[in-house]
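Down below is the structure, laid out as structure tokens.
Residue numbers (mature numbering (1 follows the signal peptide of the UniProt record, and there is no 0)): -26 to -1, 1 to 229.
In structure tokens:
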């Protein structure tokens, strides 16, 4: 446990790099044929009812999250550490981070004691459809998608959060491709074409996969899988949300 705790302190410190420097949606078939397109991504091609923008009370986006219950959001621990729940405003179910969807404030933050994952309880239930947590994240080669409002240019500080939600099709790769990964609880995900991937502001946001044509949640964006401060130069690490099902259920109920 001491090793895991120390590892997590390191993970949270690095993970902060992906936080901002300033009915469920239908999915394509789950046959591994998602087309590679957030750096290197593109505008969202559909509305994701479960997508959450974590914002300051003045509306400044700083992280993403996933609605897993009508009043519970899963995100990265480093996104909410040092913040009070009441200082967080969420916009849920819109592809525009400034309008649409539902807006709800935070009421409670629950952080995992050892890993870069956290829960945010909302002050009210929202009408958007939450996303189901997958039974498992999947094997190497599983086709996935990441979505978020992170920088769309690679160097740190090169630009702010886009207004329109971005998406990028990705896949799970071997843990050996990521530096400092704790494989039982984390997912190593590729950077398509060697120049695409999550960036600052995408932290906490969803990594999803298609199961029988419906999106299910497998990951929460955590940090880079290499030592570079420039985004998309290597694979990225995501918290394996299904691995935390029991912990999540203690607070949010069965997922």
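C-beta: ideal position from N, C-alpha, C; glycine also.
Treat the numbers as computed from the prediction; the structure is a model and nothing was measured.
Exercise for the section: Quick one: using the 10 Å Cβ neighbour count with 16 as the cut-off for buried, is residue 137 buried or exposed? Expected result: It is exposed - the Cβ of residue 137 has fewer than 16 other Cβ atoms within 10 Å.
Problem - Contacting residues, own chain, Cβ-Cβ under 8 Å from residue 229 (five flanking each side not counted) - result: Correct list, in chain order: 42, 43, 106, 107, 219, 222, 223.
Handout entry: Those residues which DSSP pairs with residue 84 across a bridge
Key = Bridge partners of residue 84: 93.
Exercise for the section: Return the first residue and the last residue of the alpha helix (DSSP H) that residue 226 is part of. Expected result: Counting along the chain, the unbroken alpha helix (DSSP H) around residue 226 starts and ends at 219 to 226.
Problem - Whether residue 57 touches residue 27 by CB criterion (7 Å) - result: Not in contact: residue 57 and residue 27 (Cβ atoms no closer than 7 Å).
Practice task
Kindly indicate which residue of 150, 116, 145, 140 has the alpha-carbon position closest to the one of residue 165.
Solution key: Proximity to residue 165 across 150, 116, 145, 140 peaks at 145, based on C-alpha coordinates.
Handout entry: Selected residue, minimal CA-CA separation from residue 113, among 214, 226, 227, 225
Key = It is 214 whose Cα lies nearest to the Cα of residue 113.
Problem - Cβ shell of residue 21 (< 8 Å), same chain only, five flanking positions each side left out - result: So the list reads -2, 67, 68, 69, once near-sequence residues are dropped.
Problem - Pairwise C-alpha distance: residue 149 and residue 217 - result: In this structure, the straight-line span from the alpha carbon of residue 217 to that of residue 149 is close to 15 Å.
Practice task
Measuring alpha carbon to alpha carbon, tell me which of 208, 203, 35 ends up nearest residue 130.
Solution key: Closest option to residue 130, judged by alpha-carbon separation, among 208, 203, 35: 203.
Problem - For residue 123 and residue 200, the rounded distance between their alpha carbons - result: Straight-line Cα distance between these residues: approximately 21 Å.
Exercise for the section: Assign residue 33 to buried or exposed, taking buried as 16 or more other Cβ atoms, counted over all protein chains shown, within 10 Å of its Cβ. Expected result: Of the other Cβ atoms in all chains shown, fewer than 16 fall within 10 Å of the Cβ of residue 33; this residue is therefore exposed.
Exercise for the section: Throw me the rounded Cβ distance for the residue 12 and residue 152 pair, which I believe falls under 8 Å. Expected result: In this structure residue 12 is not in contact with residue 152, their Cβ atoms being roughly 19 Å apart against a cut-off of 8 Å.
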